[in-house]
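J.: Take this structure, written in structure tokens, and hold onto it; I'll ask about it next.
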Amino acid sequence: MSGDNLRSREHEVRDDDGPVIEIEPESNGEEAESPLEEETSPEYSSISESDDEDSTSISTRSFQKDTIEDVFENGRRYCNETYFMPNDEAEQTRLNIAHQIYLIVLDGELTRVPIPRGRTRVLDIGTGPGDWAVEMGERYPDAEIVATDISVFDIGPNSLGLPNVSFQLDDAEAEWTYHEPFDLIHLRSLSGAFRDWGSVYRQAFHHLRPGGYIEVIDADTAADVINFPNIQNSYFSILVAAMQSAAEETGFPRNQGHLRPALLTSVGFTAVNSTDITIPVGVWPDDPRQKTLGKMALISILEGLESWSLRQLTDTGNWTAEEVRALCDKVKGELVKATGMTARVRILTGRRPYAHDFRRGRSDDEMLEEVLARLQLRESKRDES
Ligand SMILES: C[S@@+](CC[C@H](N)C(=O)[O-])C[C@H]1O[C@@H](n2cnc3c(N)ncnc32)[C@H](O)[C@@H]1O
């Protein structure tokens, strides 16, 4: 596959002003945010100051290795008893490679959304070793990058000491308590990290400035993103099915559910844009750039097999570590031989609207109805108190 081919295989779906409209029909039934609250972000004025060193957040702590108790299991290191991926050196190296792959996929860019000039605030949720956050800090020296995770990696990039990048321990499923809104909230490779993505998106919406963007990027092998000839009769498909059902059991889904444009629109995001990019996996492409990308993707997947499955499958009680490793070995043998293997990366972006976006799109009657409903609600609340 050549570089041009790669681009031509991108498939864009937009839900507002893009060329192709494709909103998936399913919705989680959540109501969109009220448009009239847009430009005020009341949650910031109601948060009281804390004695936390970093005034950015009151719920977070700076990264310190000794505040974390790692869990060792079957020869791998994990940050807690719950999250399925390890945080040891092998995993850190794999994430470093994955970061380079994403850079190639995005043509050297770190994001697909526009970054405003000046004192832009960026939040990187589940930053891992922090490659993305650090590079954002380097490329945008005037921006303030807040990188959060529930885990601390060994050779933390915080040692680079960039003045505009701060690392904090924070669980994104807990209540977010940042003092100031962000211009971009970035979530990459977090499939399986959250029970309820809708709730994470709702918090992201509230912590973005009007006009600010959310960007979600994922390509979880457990989410049917890999394809190769005869995949149906492969050890790989056995592993994927086992990971999917184990993930379902734990309540932390590993599928494409969080990458549905409808999930972002249901919490109030507009300009929702979903782009699928198919990349080669393996050394089969003729084009040198694609071959390099394919090699890196293959290494990352071979290295990832155990990380993605070991804890998840052994936790079910149906698999021993030896059985999981034996299956991973069989899958590895299969993948190195597969010709024409590809992986699909999805990039989902959405914008928190300005109030005038809504005004433009609504009739005067609808606006009046909305205002009257809000007044009635306020009056009934006043009567109750
Ligand atoms: C596969 S890594 C991806 C790291 C990074 N985003 C990247 O692209 O290189 C997933 C990261 O999410 C973090 N994570 C998992 N659950 C989380 C949560 N509830 N809140 C914040 N981070 C979480 C993990 O500790 C891990 O570092």
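Residue numbers (UniProt numbering): 1 to 385.
All residues carry an ideal CB built from backbone N, CA and C; glycine is no exception.
Check for me: the beta strand (DSSP E) holding residue 218 runs from which residue to which?
T.: Unbroken beta strand (DSSP E) run through residue 218: 208–218.
J.: Output the distance between the C-alpha atoms of residue 127 and residue 87, rounded to the nearest integer angstrom.
T.: Approximately 12 Å between the Cα atoms of the pair.
J.: Taking a contact to mean a Cβ-Cβ separation below 8 Å, would you say residue 309 touches residue 324 in this structure?
T.: Contact: yes.
J.: Select from 237, 183, 92 and 209 the residue whose C-alpha is nearest the C-alpha of residue 330.
T.: The shortest C-alpha separation from residue 330 is found at 237.
J.: Span of the alpha helix (DSSP H) holding residue 263?
T.: Start and end: 261–266.
J.: Rounded to whole angstroms, what's the CA-CA distance from residue 226 to residue 296? Just pull it up for me.
T.: In a straight line, the C-alpha of residue 226 is about 15 Å away from that of residue 296.
J.: Starting from residue 96, trace the alpha helix (DSSP H) both ways and give me its first and last residue.
T.: Counting along the chain, the alpha helix (DSSP H) containing residue 96 begins and ends at 89–105.
J.: For residue 243, I'd like the list of residues in its chain whose CB is within less than 8 Å of its CB, leaving aside the five on either flank, ordered along the chain.
T.: Hits under 8 Å: 221, 222, 254, 308, 309, 312 and 313.
J.: Can you find a heavy atom of ligand 1 that lies under 7 Å from the Cβ of residue 190?
T.: Yes, ligand 1 has a heavy atom inside 7 Å of this Cβ.
J.: Is it the case that the CB of residue 258 approaches a heavy atom of ligand 1 more closely than 7 Å?
T.: False, no ligand heavy atom lies under 7 Å from that Cβ.
J.: Using a threshold of 8 Å, state whether the C-beta atoms of residue 302 and residue 332 are closer than that.
T.: Cβ atoms of residue 302 and residue 332: closer than 8 Å.
J.: For residue 225, does the three-state DSSP call read helix, strand or coil?
T.: Here residue 225 sits in coil by DSSP.
J.: Determine which residues share a DSSP beta bridge with residue 124 and list them.
T.: For residue 124, which the question treats as bridged, DSSP gives the partners 147 and 186.
J.: Taking 7 Å as the cut-off, does the CB of residue 93 come closer than this to any heavy atom belonging to ligand 1?
T.: No; taking the cut-off as 7 Å, the Cβ of residue 93 has no heavy atom of ligand 1 nearer than that.
J.: Can you give me the C-alpha to C-alpha distance between residue 143 and residue 77, rounded to a whole angstrom?
T.: Their backbone Cα atoms lie some 33 Å apart in a straight line.
J.: Run through DSSP, which three-state label would residue 256 get?
T.: Correct three-state label for residue 256: coil.
J.: Determine the DSSP secondary structure at residue 276, reduced to helix, strand or coil.
T.: Reduced to three states, the DSSP call for residue 276 is strand.
J.: Does ligand 1 have a heavy atom nearer than 7 Å to the CB of residue 328?
T.: No - ligand 1 has no heavy atom lying nearer than 7 Å to the Cβ of residue 328.
J.: Under a three-way DSSP split, which group does residue 172 fall into?
T.: Three-state result, residue 172: coil.
J.: Going along the chain, which residues of its own chain have a beta-carbon closer than 7 Å to the beta-carbon of residue 247, five neighbours each way excluded?
T.: Answer for residue 247: 192, 222, 253, 254 and 312, listed in chain order.
J.: Please report the residue range of the beta strand (DSSP E) in which residue 345 lies.
T.: Note, residue 345: beta strand (DSSP E), 342–351.
J.: In terms of residue numbering, what span does the beta strand (DSSP E) encompassing residue 72 cover?
T.: Here the beta strand (DSSP E) through residue 72 covers 71–73.
J.: Just list the residues that DSSP pairs residue 77 with in beta bridges.
T.: According to DSSP, residue 77 bridges with 72.
J.: What do you reckon, is the C-beta of residue 194 under 7 Å from a heavy atom of ligand 1?
T.: True, at least one ligand heavy atom lies under 7 Å from that Cβ.
J.: Answer with buried or exposed for residue 79, where buried requires no fewer than 16 other C-beta atoms within 10 angstroms of its C-beta.
T.: Looking at its Cβ environment, which holds 16 or more other Cβ atoms inside 10 Å, residue 79 is buried.
J.: Rounded to a whole number of angstroms, what is the C-alpha to C-alpha distance between residue 31 and residue 136?
T.: Low local confidence applies: a pLDDT of 35 at residue 31 is under 50, so the model's placement there is unreliable, and no value is given.
J.: Exposed or buried, residue 268, counting other C-beta atoms within 10 Å across all chains shown (16 or more means buried)?
T.: Buried is the call here.
J.: Is residue 197 a contact residue of ligand 1, with contact defined as CB to any heavy atom under 7 Å?
T.: Checking the Cβ of residue 197 against ligand 1 gives no.
J.: Based on the DSSP output, what are the partners of residue 167 in its beta bridges?
T.: 147, per the DSSP bridge assignment.
J.: Does the structure place the stretch 116–125 close enough to the stretch 97–104 that three or more beta carbon pairs sit under 8 Å?
T.: Touching, no, given that fewer than three Cβ pairs across the two stretches are closer than 8 Å.
J.: Can we count residue 99 as close to ligand 1, meaning its CB is less than 7 Å from some heavy atom?
T.: Flag set: Cβ of residue 99 near ligand 1.
J.: Going along the chain, which residues of its own chain have a beta-carbon closer than 8 Å to the beta-carbon of residue 249, five neighbours each way excluded?
T.: The answer, listed in chain order, is 316.
J.: Give me the residue from 163, 326, 203 and 275 with the minimum Cα distance to residue 185.
T.: Of the candidates 163, 326, 203 and 275, the one whose C-alpha sits nearest the C-alpha of residue 185 is 203.
J.: In whole angstroms, what is the alpha-carbon distance linking residue 292 and residue 283?
T.: Straight-line Cα distance between these residues: approximately 8 Å.
J.: Quick one: Cα of residue 91 to Cα of residue 355, how far?
T.: Going from the Cα of residue 91 to the Cα of residue 355 covers about 43 Å.
J.: With a threshold of 7 Å, establish whether the CB of residue 172 neighbours any heavy atom of ligand 1.
T.: Residue 172: yes, Cβ under 7 Å from ligand 1.
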